[in-house]
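Since the structure comes first, as structure tokens, the remarks are kept for the end.
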Amino acid sequence: MKKNLKRVLGVILVILGFLALITPFSPGSWLLLIGLEILGLRILLEDRLRLFLKDRHKNAFRSLKQRFGKVLRGKCSAAKNREMNSKLKTKNSKQRKWNSLILHFAFCILHFLGGCIYTDEPVPRIVHSSTISEPKLVQPSVVKPTQPIESIDKSIPGDWLPLSRLEKKWTAIVIHHSATENGNAAIFDRWHREGKDWGGVGYDFVIGNGTDSGDGQVEVTFRWRQQQTGAHCKTPDNWANESAVGICLVGNFNNALPTARQMQSLARLIGFLQNRYEISKSRVYGHNSTPGARITDCPGKRFPMDQLKSMLAF
Ligand SMILES: [Zn+2]
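Residues 12 to 325, numbered by this note's numbering, are exactly what the sequence shown covers, in order.
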């Protein structure tokens, strides 16, 4: 009964090994399964194989042939088995131990190799420390600013930059004078709010002359901060108030000239607006030269427009 069980196990192993061998596995798995095949054959053939390998017993090869043929034909009779078993028992027990030991060792090597190679991953390589290069420092990628470079120029006052969610696309610049000796954004805001009902100062920027604000100081009004339509240059279609930035210089330039600092601040402010909104100097107007504007002296008969244009880059 025990022998029959071993024989069934051997047949199963042989069949499994054969099936595995004809499937497209890696060479490593083939080696493992060759081992399986041999193990199955070994169980089937048992001591005959050992005797055959040793080749010291004349009867061993005959016995192997008989046993192998009968296993295949399924005609191994019980009587013959008993006869062969009795013969085998007479063999030298010491020799059998050695044979068994060698065979077991060989199978262990086969299984070990098969198990080692049986993998789809490459065999890990030993990397010598001398071949490991120093880790390279990866430079962080530079994120390009989405706004023009002027917007991050530290020399540009922060309040010149409108909130991006409010910012409009301005297309022109209109220059005014206050036609007064003094003033500032707050004063003009009060005048325009109370006297003219314009809802507050009509300009986007006011450049002081040193009287009520600093000489050349640029004040930013709520019109600019909120990107509102101006109230500084009336035209039939109101294009200037809607699309042009209104800048007022404190002073009456029918009588006097703007201060040097006012001109410098004006040129700097206009330069910023030109760059940000791509406004050429041909779209920088005095109030009196604005297309569609009513006749006026503003920004004063002595306002040096040519000098201003010469101070602009484009
Ligand atoms: Zn004006």
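Just so you know, even glycine gets a beta-carbon here, dropped at the ideal spot from N, CA and C. As the structure is a prediction and not an experimental result, all values here were calculated from the model.
- In its chain, beyond the 5 residues on either side, LYS292 and VAL295 have a beta carbon closer than 8 Å to the beta carbon of LYS320.
- Applying a distance threshold of 5 Å between residue Cβ atoms and the heavy atoms of ligand 1 selects HIS187, HIS298 and CYS309, given in chain order.
- Annotation for PHE216: the continuous beta strand (DSSP E) segment containing it runs 216–220.
- In terms of Cα proximity to THR222, the closest of ARG201, TRP209, ALA196 and VAL212 is ALA196.
- About 17 Å separates the CB atoms of GLU205 and VAL217; that is not less than 8 Å, and the two are not in contact.
- Secondary structure note for ALA196: its alpha helix (DSSP H) is the uninterrupted segment 196–201.
- Within the model, the alpha-carbon separation for THR240 versus ASP248 is close to 13 Å.
- With a cutoff of 8 Å on beta-carbon distance, PHE325 and ILE167 are scored as not near each other.
- TRP250 and TRP202 have their C-alpha atoms spaced approximately 23 Å apart.
- Spanning the alpha carbons of ALA304 and THR246 requires a straight line of approximately 5 Å.
- Residues of the same chain with a CB within less than 6 Å of the CB of ASP170, apart from the 5 flanking positions on each side, are VAL231 in chain order.
- In this structure, DSSP gives GLN228 an extended state, which the three-state scheme calls strand.
- Note on geometry: alpha-carbon atoms of PRO173 and ASP215 lie some 11 Å from one another.
- Taking 8 Å as the cut-off, the Cβ atoms of ILE198 and PRO310 do not count as close.
- Under the 10 Å beta carbon count, ASN266 is surrounded by fewer than 16 other beta carbons and is classified as exposed.
- By DSSP's assignment, LEU260 forms a beta bridge with HIS188 and ILE218.
- In this structure, the CA atom of GLY297 is about 11 Å from the CA atom of HIS243.
- Membership of GLY297 in any alpha helix (DSSP H) is not indicated; the residue belongs instead to the beta strand (DSSP E) covering 295–297.
- According to DSSP, residue pairing for ALA255 in a beta bridge involves ALA183.
- Note on geometry: alpha-carbon atoms of ASP308 and ASN299 lie some 6 Å from one another.
- Residue environment analysis places ILE113 among the exposed positions, since fewer than 16 neighbouring C-beta atoms fall within 10 angstroms of its C-beta.
- Close CB contacts of GLU178 within its chain, under the 7 Å cut and outside five residues either way in sequence, are with GLN238 (chain order).
- With fewer than 16 other Cβ atoms inside 10 Å of its own Cβ, PRO302 counts as exposed.
- Counting other Cβ atoms within 10 Å of its Cβ, LEU280 reaches 16 or more and is therefore classed as buried.
- Between the alpha carbons of GLN77 and ARG18 lies a distance of about 16 Å.
- Ranked by Cα distance from GLN273, the options GLN318, TRP181, TRP109 and GLY213 are led by GLN318.
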